[in-house]
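Read in this note's numbering, the first sequence has 31 at position 12, and its numbers run on one by one without any break.
All residues carry an ideal CB built from backbone N, CA and C; glycine is no exception.
Please read these numbers as outputs of a predicted model, since none were measured by experiment.
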Amino acid sequence: MKLYNTLTRKKEDFVPLEPGHVKIYACGPTVYNYFHIGNARPFIIFDTLRRYFEYLGFKVTFVQNFTDVDDKMITRAEQERTTLAELGERFIMEYFKDAEGLGIRAATVHPRATQHIGEIISIVRTLIEKGHAYVNDGDVYFDVQSFPDYGKLSGQSAQDRMAGARIDVFEQKKNPEDFALWKAAEPGEEGWDSPWGKGRPGWHIECSAMSMKYLGDTIDIHAGGQDLIFPHHENEIAQSEAATGKPFARYWLHNGYININNEKMSKSKGNFFTVRDIAEKYDLSVVRLFMLSAHYRSPINFSEELIAQAASAMARIKNCRDNLKHISQSGASGETNVASHITALKARFRQAMDDDLNTAEALGVIFEFIREANQLFESSKDADAAAEVLTALDNVLEVLGLLPKEDKIPERVEELVKKRQEARAARDYAAADGIRDQILSLGYTLKDTPDGVKISKT
RNA sequence: GGCGCCAUAGCCAAGUGGUAAGGCCAAGGUCUGCAAAACCUUCAUUCCCCGGUUCAAAUCCGGGUGGCGCCUCCA
């Protein structure tokens, strides 16, 4: 499998440190609010990466943190007159609700920053001892000049950035590019005791601490949004490698941005969609399909029109599965040869995914397979062959996290369908149409097809 | 000032040297008590522009135009 590594700016063959085992750390959400579709993109992409590794037979240890202490958390907690712990707990629960709708599986571990204060303090202490960090009035800063490799991920040296002269100079820092490892608590602010006084961790150090704790000093893949390349990931590399003397992560993966109606999503513009907003109108699997229909590194645009397009495409997948399922339960036999189609599907799907997780191409392969399946079973109703095709289709859909959840048809609806069939047989179409309306009012849509009646959730 | 990305049909999007995947929309057809849906077929001689390399370029090189991101909390 090839993956584009931001560190080398090339697609590289992926080779795990430990054969058969992939260790991934993905930067997770700050839990001060519902997450938005911009956040959703990396969650979906890297969940898909994890699923694909498992499909290939790897064991995957996938760590995604919750940032439950930072400026935004503190501000929000003050506004709501609550504690960091309560606020964090609440939005962690909300994260899992939205994640489930999007088909994002729970990570192997979801560590929280506030539960790793001890580990964080320990790394900061090591950095001070090794001369990579210094204390100033309760704050601790990383000394960027002490780490010559600084800039290797973002491709920018400290001097390059200085040319922009847009970095504020704080007199507490030796150099403007130094960053906080530990911040002293403001009066009245929540904090933790440390050797440097009461305070809280800086933003970057938590990821280093939790990655090392759960995955070891060197991991295979560290992932996140492109905007995290600098400074967040650059700083993680500096503090981690300075502390351990070992490489921190071997492959760095970054997903592209989402724009809203061709504009950068921002709160000041008000063009802001949370996943929760979208869930009011669309099944969230549509959002997942939308995200996977372009390459993960490309910037993508989000709009009402585009999500509607994705919804239509999702319906095509569902219809094909419904048809196959129906035929597979028909009991009809036949001689349909599906083996070559299935072999081709698997090979082409894998080829696409092996190429830096080209989900757009993988979806193309799946849609071609769907058309082939529709053609094959248009006339021949071979139950066993349909079941085989459905299984093959479901396997690849599952890797992409797009396998639709089964709608359970309530008994009441089943009864009505039966009654309607009787009415139709008796040519009492007025009664039949009345029953169809009843079924609709229960939230199910009924369709007459050449293969019989089909019911689906409206 | 530095670092980087992108430009393919009405809309979205794959394709990095061998003659344009796929989805949406649209049109035609099949099926159907009706309705709706579904399914099938068709839909880019051409890939922002100008040069160049090559037997061969959407793909490589040079130049241009247009759009965008990061360097500051941010997925």
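Would you kindly work out how many angstroms separate the C-alpha atoms of Ile277 and Leu308, rounded to a whole number? 14 angstroms
Tell me the residue span of the beta strand (DSSP E) that contains Glu31. 29-32
Residue nearest to Gly216 in terms of C-alpha spacing, selected from Trp201, Thr102, Cys226: Trp201
What is the C-beta distance between Ile147 and Pro220, in whole angstroms, given that I count them as a contact (C-beta under 8 angstroms)? The Cβ separation is near 14 angstroms, so there is no contact.
Within 10 angstroms of its Cβ, does Thr464 collect 16 or more other Cβ (buried), or is it exposed? exposed
Taking His251 as the reference, which of Thr410, Glu225, Leu395 has the closest Cα? Glu225
So does the segment 65-74 actually touch the segment 100-116, counting three or more Cβ pairs closer than 8 angstroms? no
Which residues bound the alpha helix (DSSP H) around Thr127? It is not in any alpha helix (DSSP H) - Thr127 carries neither H nor E in the DSSP assignment.
Give me the Cα-Cα distance between Phe292 and Ile43, rounded to the nearest whole angstrom. 28 angstroms
Is the Cβ-Cβ distance between Ala1 and Phe161 less than 7 angstroms? The structure shown does not extend to residue 1, since the chain spans only 20 to 477, so no value can be given for it.
Please say whether Ala298 and Ile142 have beta carbons closer to each other than 7 angstroms? no
Taking 7 angstroms as the threshold (C-beta atoms), are Val154 and Asp197 in contact? no
6 angstroms CB neighbourhood of Lys466 in its chain, flanking five on each side removed: Lys473
List the residues that DSSP assigns as beta-bridge partners of Val472. Asp467
Between the Cα of Phe85 and those of Val436, Arg335, Gln134, spot the shortest distance and give me the residue it belongs to. Gln134
Measure how close the beta-carbons of Ala242 and Ser312 come, nearest whole angstrom, since I'm counting them as under 8 angstroms. Ala242 to Ser312, Cβ: 20 angstroms. No contact.
Looking at C-beta atoms only, is the number of pairs between the segment 343-357 and the segment 367-377 that lie closer than 8 angstroms three or more? no
Exposed or buried, Asn18, counting other C-beta atoms within 10 Å across all chains shown (16 or more means buried)? The requested residue 18 does not occur in the structure, where the chain is confined to residues 20 to 477.
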